[in-house]
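Each position in the sequence shown, counted from 1, maps to that position plus 518 in this note's numbering.
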Amino acid sequence: SCQDILLSSAPPGPQFPFTGVDDRESWPSVFYNRTCQCTGNFMGFNCGNCKFGFGGPDCTERRLLVRRNIFDLSVPEKDKFLAYLTLAKHTTSPDYVIPTGTYSQMNNGSSPMFNDINVYDLFVWTHYYVSRDALLGGSEIW
519 SCQDILLSSA PPGPQFPFTG VDDRESWPSV FYNRTCQCTG NFMGFNCGNC KFGFGGPDCT
579 ERRLLVRRNI FDLSVPEKDK FLAYLTLAKH TTSPDYVIPT GTYSQMNNGS SPMFNDINVY
639 DLFVWTHYYV SRDALLGGSE IW
């Protein structure tokens, strides 16, 4: 079921002395005002996927997943892994787009700036977005 986003009312910690300058503050309310609340073993932006470790039509089948060391893979397994990475680099994500500007550059959302992205670059971009410096305006960063 979808519902309004509820944000914590706790004051920001002293580790970030600025407010209102970074679109990651109060995530995800800068870009979304409603989200889905999944039940059972479902997950995802529309609750259409099974939680990790579950499968089947009702997401009730337990699936043991083992993360393997790439150095322990056979040559055919490594080739298959690399083929999937190549495929991810050439497959546009059917579900996600990325912002190409900050919220303030989008005039508080009235001028959306989003682009399609391939599956591989989505993972790279997500890491960049969450770990980048805070943009304070102009050429200032924190």
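Glycine residues also receive a C-beta, built at the ideal position from the N, C-alpha and C atoms.
For Ser649, no beta strand (DSSP E) run applies; the uninterrupted alpha helix (DSSP H) run containing it begins and ends at Val637 to Ser649, by DSSP. Annotation: Ser544 to Ser592 spans about 45 Å, alpha carbon to alpha carbon.
The segment 570-617 is shown to contain whole beta strand (DSSP E) runs of 3 or more residues at 610-617, in chain order. In this chain, the beta strand (DSSP E) harbouring Asp522 covers Cys520 to Asp522. Under the three-pair Cβ rule at 8 Å, the segment 565-584 does not count as touching the segment 594-606.
The C-beta distance from Arg585 to Gly573 rounds to 17 Å, too long to fall under 8 Å, and the pair is not in contact. Around the Cβ of Asp541, a 10 Å sphere holds 16 or more other Cβ atoms; the residue is buried. For Thr553, the enclosing beta strand (DSSP E) has its first and last residue at Arg552 to Cys554.
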